[in-house]
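Enquirer: First the structure, then my questions, so here it is.
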């Protein structure tokens with residue numbers, strides 16, 4: 001069993017075609033769409049939690065890559081800029097998945113738990129959270 | 001029992017016993033007030049939070065030919081500065097916004113850059129673009145200026161905050177059905193969260209609740225450098241209700257502080273953007289408290305459970321200036337991450353950084369231990385309870401109201 005949060009960048013040509021459904025049909029994978037949007041230059045962007053048997057998981061990813069979908073782990077897209085963080089802890093109670101949490105009085109960030117909702121990016125008074133998804 | 005001169009002599013000899021306000025709690029608990037007062041010479045406090053009534057004044061030197069900025073218009077990185085002193089003296093407040101910032105027209109506004117950020121950039125040594133229009137005189141003929149300046153180009157650059165280090169503060173909640181964006185952060189509907197802003201047991205004025213040692217002239221840690229208390233802060237309100245041990249049960253005393261910006265550090269002066277509210281400056285302040293007697297040992301042993309803060313509804317009571325307090329909660333409860341309100345567990349969010357407050361108290365402690373920082377006797381006390389000073393609400397005669405009445 002393997003579960004990962006990934007970001008998919010669909011090229012223009014694929015934006016209106018069924019793709020994710022084939023992950024279920026062909027590879028018996030489970031998915032949970034955390035975020036989906038079409039960007040202004042008509043690229044599709046999707047944040048997906050994908051899980052299934054190891055073999056199927058790898059095949060599913062290969063299937064996507066063959067179609068021209070760019071894939072990267074979600075953890076690369078939301079960044080906690082530790083040097084900008086003052087550890088006030090303001091963000092912690094807003095984070096819906098507890099990716100931002102407190103250890104004692106210090107703030108920590110577990111990128112594996114992040115769903116890229118972006119609320120921390122909007123709220124942090126010190127600009128210590130950065131999201132690269134839509135850049 | 002002890003004088004400030006005696007304590008300074010000990011500092012000089014490297015013999016002073018200095019502890020943070022957090023450490024003092026345990027010392028008094030273990031040894032009692034009497035022994036703690038004998039053994040401890042100085043307790044250091046600290047706070048790091050968003051302090052809106054902050055600003056800087058500075059002198060840019062005379063251009064060739066000369067320009068008179070006073071009465072003209074001046075912008076620093078697009079943020080308007082106050083140009084109403086003489087030729088080349090300027091003031092910049094932390095809340096200033098560029099003229100073209102949409103504010104809350106696009107609600108909730110983002111407020112990405114303003115006065116607080118200019119102050120942070122200036123302290124960091126970054127180049128700041130100054131653009132100015134002046135009206136020109138015979139002695140100051142120049143009418144335009146467009147240049148880059150850094151803090152090193154300035155003559156005086158001074159942090160001058162007219163209200164900092166609030167002695168206790170509100171806890172904000174929201175009874176309405178919509179999200180509120182306030183200076184205490186985003187408040188979720190239907191009492192979805194509770195936000196607070198105080199270092200609690202480390203906070204300077206909570207460790208000297210009756211201002212017995214902190215007064216005009218007190219030397220302090222300010223923004224990473226050395227500063228001074230120069231007056232009581234605006235809205236100083238010593239006569240509020242207090243607990244048995246003298247701790248105000250809401251916002252009370254405040255400090256006006258000053259210090260050389262050139263000695264300061266952007267780590268302790270940070271520009272902030274509060275969504276839907278505006279820009280500001282987060283300031284780090286640390287105040288040393290001399291343990292002159294048992295009374296001061298007792299006051300500095302205050303802990304989060306002794307400090308109560310009023311829970312106020314920012315949907316109704318606060319904006320309409322009603323004095324309703326829903327309940328009081330302690331900082332111990334607030335810092336646990338949850339408080340209980342109407343039988344429901346509500347998550348809490350701090351806006352003041354406790355780790356930074358602690359770091360400041362530790363830095364101040366090391367400065368004193370190393371003999372780099374000496375204590376001062378105030379030149380004059382801050383107005384206390386006996387002064388009878390009470391914060392007055394707006395009492396001007398509103399013109400619109402008069403018209404309506406007629």
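Residue numbers (full-length UniProt numbering), protein chains in the order written: chain A, 1 to 135; chain B, 1 to 406. By construction, the Cβ of each residue, glycine as well, lies at the ideal position given by its N, Cα and C atoms. As the structure is a computational prediction, the values presented were derived from the model and not from experiment.
Given that a residue counts as buried once 16 or more other Cβ atoms are within 10 Å of its Cβ, and exposed if not, what is residue 123/A?
Expert: Counting from one through the first chain, the residue named residue 123/A turns up at place 123. Classification for residue 123/A: buried.
Enquirer: Less than 7 Å between C-beta atoms, sequence neighbours within five positions excluded: which residues of the same chain meet that for residue 85/A?
Expert: Numbered from 1 along the first chain, position 85 holds the residue referred to as residue 85/A. These residues qualify, in order along the chain: 107, 126 and 128.
Enquirer: Measure from the alpha carbon of residue 64/B to the alpha carbon of each residue in 282/B, 230/B, 126/B and 140/B, then state which is nearest.
Expert: Taking the first residue of the second chain as position 1, residue 64/B is located at position 64. Ranking 282/B, 230/B, 126/B and 140/B by Cα distance to residue 64/B puts 140/B first.
Enquirer: Would you mind reading off the limits of the alpha helix (DSSP H) that contains residue 295/B?
Expert: Locating residue 295/B in the second chain gives position 295, where the first residue counts as 1. Following the DSSP letters along the chain, one finds residue 295/B inside the alpha helix (DSSP H) bounded by residues 294-299.
Enquirer: Between which two residues does the alpha helix (DSSP H) containing residue 249/B stretch?
Expert: Numbered from its first residue, the second chain carries residue 249/B at position 249. No alpha helix (DSSP H) holds residue 249/B; DSSP gives it neither H nor E.
Enquirer: If the cut is a Cβ gap below 9 Å, which residues of chain A does residue 193/B touch?
Expert: Here residue 193/B is taken as the residue at index 193 of the second chain, counted from 1. Result: 93 and 94.
Enquirer: Could you pull the DSSP bridge partners for residue 348/B from this structure?
Expert: Residue mapping note: residue 348/B aligns to position 348 of the second chain, counting from 1. Note: residue 348/B sits in a beta bridge opposite 194/B.
Enquirer: To the nearest angstrom, how far is it from the Cα of residue 197/B to the Cα of residue 33/A?
Expert: Here residue 197/B is taken as the residue at index 197 of the second chain, counted from 1. Here residue 33/A is taken as the residue at index 33 of the first chain, counted from 1. The alpha-carbon atoms of residue 197/B and residue 33/A are separated by roughly 37 Å.
Enquirer: List the residues of chain A whose Cβ lies closer than 7 Å to the Cβ of residue 354/B, in chain order.
Expert: Residue 354/B sits at position 354 when you count from the first residue of the second chain. Those are 105, listed as they occur along chain A.
Enquirer: Which parts of the segment 104-137 of chain B are runs of the beta strand (DSSP E), unbroken and 3 residues or longer, counting only runs that do not cross its ends?
Expert: Listed in chain order, they are 128-133.
Enquirer: DSSP three-state label for residue 326/B, please.
Expert: Here residue 326/B refers to the residue found at position 326 when the second chain is read from its first residue. Reduced to three states, the DSSP call for residue 326/B is coil.
Enquirer: For a test of the three-state rule: what should DSSP assign to residue 338/B, helix, strand or coil?
Expert: Along the second chain, read from residue 1 onward, the residue named residue 338/B stands at position 338. The answer is strand: DSSP assigns residue 338/B an E or B state.
Enquirer: In angstroms, rounded to a whole number, what distance separates the CA positions of residue 25/A and residue 114/A?
Expert: Here the question's residue 25/A lines up with position 25 in the first chain. Here the question's residue 114/A lines up with position 114 in the first chain. If you take the alpha carbons of residue 25/A and residue 114/A, they lie about 27 Å apart.
Enquirer: Chain A partners of residue 202/B, CB-CB under 7 Å?
Expert: Taking the second chain and counting its residues from 1, the one referred to as residue 202/B is at position 202. Listed along the chain, the chain A residues whose CB falls inside 7 Å of the CB of residue 202/B amount to none; the nearest CB is some 11 Å away.
Enquirer: Could you spell out where the beta strand (DSSP E) holding residue 30/A opens and where it closes?
Expert: The residue you call residue 30/A lines up with position 30 of the first chain. Residue 30/A -> beta strand (DSSP E) spans 30-38.
Enquirer: Is residue 234/B buried or exposed, if buried means 16 or more other CB atoms sit within 10 Å of its CB?
Expert: Position 234 of the second chain, counted from the first residue, corresponds to residue 234/B. By the 10 Å Cβ count, residue 234/B comes out exposed.
Enquirer: Closest to residue 349/B by CA distance: which of 20/A, 27/A and 100/A is it?
Expert: Counting from 1 along the second chain, the entry for residue 349/B is found at position 349. If we check each option's Cα against that of residue 349/B, 100/A comes out closest.
Enquirer: Note down, in chain order, each residue of its chain lying with its Cβ closer than 6 Å to the Cβ of residue 36/B, except the 5 sequence neighbours on either side.
Expert: Here residue 36/B corresponds to residue number 36 of the second chain, with the count starting at 1. If we look at residue 36/B and ignore the five residues flanking it on each side, its Cβ neighbours are 27, 28 and 297.
Enquirer: For a cutoff of 8 Å on Cβ pairs, would you count residue 264/B as touching chain A?
Expert: In the second chain, residue 264/B corresponds to position 264, counting from 1. No, residue 264/B lies away from the interface with chain A (no Cβ there is under 8 Å from its Cβ).
Enquirer: First and last residue of the beta strand (DSSP E) that includes residue 366/B?
Expert: Translated into the one-based positions of the second chain, residue 366/B becomes position 366. For residue 366/B, no beta strand (DSSP E) run applies; the uninterrupted alpha helix (DSSP H) run containing it begins and ends at 354-369, by DSSP.
Enquirer: Does any CB atom of chain A fall closer than 8 Å to the CB of residue 131/B?
Expert: Looking up residue 131/B in the second chain gives position 131. Taking Cβ atoms only, chain A never reaches closer than 8 Å to residue 131/B, which makes this a no.
Enquirer: Check each residue of the segment 179-192 of chain B: if its Cβ is closer than 7 Å to any Cβ of chain A, include it; give the result in chain order.
Expert: Per Cβ criterion, the list reads 185 and 186.
Enquirer: Kindly indicate which residue of 70/B, 387/B and 153/B has the alpha-carbon position closest to the one of residue 133/B.
Expert: Residue numbering aside, residue 133/B sits at position 133 when the second chain is read from its first letter. Selected option, being the one with the closest Cα: 70/B.
Enquirer: Just to make sure I have the definition right: I need the residues of chain A whose C-beta is within less than 7 Å of the C-beta of residue 350/B. Which are they?
Expert: On the second chain, residue 350/B is found 350 positions in, with the first residue counted as 1. Within 7 Å Cβ-Cβ: 88, 89 and 90.
Enquirer: Going by Cα to Cα distance, which pick from 232/B, 343/B and 9/B is closest to residue 390/B?
Expert: Here residue 390/B is taken as the residue at index 390 of the second chain, counted from 1. The shortest Cα separation from residue 390/B among 232/B, 343/B and 9/B belongs to 232/B.
Enquirer: Extract the residue ranges of the alpha helix (DSSP H) inside the segment 1-41 of chain B, only unbroken runs of 4 or more that lie entirely within it.
Expert: 4-12 and 21-39
Enquirer: At least one CB of chain A closer than 8 Å to the CB of residue 7/B: is that the case?
Expert: As a first step, residue 7/B is located in the second chain; it is residue number 7 there, counting from the start. No, its Cβ sits nowhere closer than 8 Å to a Cβ of chain A.
Enquirer: Is residue 354/B near residue 346/B, with beta carbons less than 8 Å apart?
Expert: Reading the second chain from its first residue, position 354 is the one you call residue 354/B. Reading the second chain from its first residue, position 346 is the one you call residue 346/B. Not in contact: residue 354/B and residue 346/B (Cβ atoms no closer than 8 Å).
Enquirer: List, in chain order, every chain B residue whose beta-carbon is nearer than 8 Å to that of residue 123/A.
Expert: Start at 1 with the first residue of the first chain, and residue 123/A comes out as number 123. Neighbours of residue 123/A on chain B, chain order: 185, 186 and 275.
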